[in-house]
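Peer 1: One structure is given below, represented as structure tokens, and several questions about it will come after.
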Amino acid sequence: MRQLTVYHFLPDKLNLYSDIGNILALKQRAKLRNIELKVKDINVTDGITFDACDIFFIGGGSDREQSLATKELSKIKVKLKDAIEDGMPGLTVCGGYQFLGSKYITLDGTELEGLNILDFYTESQQDRLIGDVVINSETFGTIVGFENHGGRTYHQFGSLGKVVNGHGNNGQDAKEGIHYKNLLGTYLHGPILPKNHEITDYLLEKACERKGISFEPQQVNNDEEEAAKKVIIDRVKNK
Ligand code: GLN
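Pasting the structure below:
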């Protein structure tokens, strides 16, 4: 059987609003293509190399969890940057997304070191950006999710999409998330992948391309995923 391996960083600390569901969605949609997805949970990063990694995932966490995660993540920043520049697909959510920048400044002014992979930073504000989100993405179509963050992120990179409903990166520039090479960052929890199969398949397909294995665009029934997406779109419309 063909195999892919996903590295799940700090699942013990960064798993807000069921971010673990993203791993389950990757597993399931890989299985539909007869690909076995192996999951390597990484809670301690010492000695980690990316040689056996096909996709990586970092979920979100409260400011407290984020500060605990900072030390572990900073140990892999050079290796992870190299892997991303080399085209490794990855998904980072909320706190995990904020880590891609140089720093996250918490409400009390504490600066948490980021991975410094991309040139941006995030600053927290008192009023939180909370609620259902709908975005239009050039690459993925209509994407839905749930956001709850104090951090405001501004950057000049490509975004995941344009905010139709909700706040997105900062509540101002109508951008949600980031899309750099095969790396995705987003404020969308919920989790994002089970109801946005286009993104799940993108990550799997890029991983297969990179590994030189085929990803057959087999007929997959997406009715349940589309129904889940519709619930959020309708809820937002009827507000
Ligand atoms: N602590 C961050 C913020 O509030 C991230 C929260 C999250 O992952 N939902 O901005």
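Heads up: the sequence shown at position 21 corresponds to 20 in numbering that gives the first Met the number 0, and the numbers run straight through without jumps.
C-beta: ideal position from N, C-alpha, C; glycine also.
Check each candidate in L187, Y201, E204, G211 and name the one with the smallest Cα separation from G20.
Peer 2: It is L187 whose Cα lies nearest to the Cα of G20.
Peer 1: State the DSSP-derived secondary structure class of H166, mapped to helix, strand or coil.
Peer 2: In this structure, H166 counts as coil in the three-state DSSP scheme.
Peer 1: Kindly indicate which residue of T138, L9, L72, R32 has the alpha-carbon position closest to the one of G176.
Peer 2: The shortest C-alpha separation from G176 is found at T138.
Peer 1: Measuring alpha carbon to alpha carbon, tell me which residue in V219, G184, N147, K37 is nearest H166.
Peer 2: Of the candidates V219, G184, N147, K37, the one whose C-alpha sits nearest the C-alpha of H166 is N147.
Peer 1: If you drop the 5 nearest sequence neighbours on each side, which residues of the same chain put their C-beta closer than 6 Å to that of K205?
Peer 2: Excluding residues within five positions, the ones whose Cβ falls inside 6 Å are P88, N181.
Peer 1: Given the structure, does Q65 come close to the ligand GLN, in the sense that its CB is under 8 Å from one of the ligand's heavy atoms?
Peer 2: Q65 Cβ: within cutoff of the ligand GLN.
Peer 1: Pull up the distance between the alpha-carbon of D45 and that of K39, whole angstroms please.
Peer 2: Answer to the nearest angstrom: the Cα atoms are 14 Å apart.
Peer 1: Would you kindly work out how many angstroms separate the C-alpha atoms of L111 and Q65, rounded to a whole number?
Peer 2: In a straight line, the C-alpha of L111 is about 8 Å away from that of Q65.
Peer 1: For a test of the three-state rule: what should DSSP assign to L202, helix, strand or coil?
Peer 2: In the structure shown, L202 sits in a helix (DSSP, three-state: H, G or I).
Peer 1: Under 9 Å, do H154 and L128 count as touching if we go by C-beta distance?
Peer 2: Contact flag unset, no.
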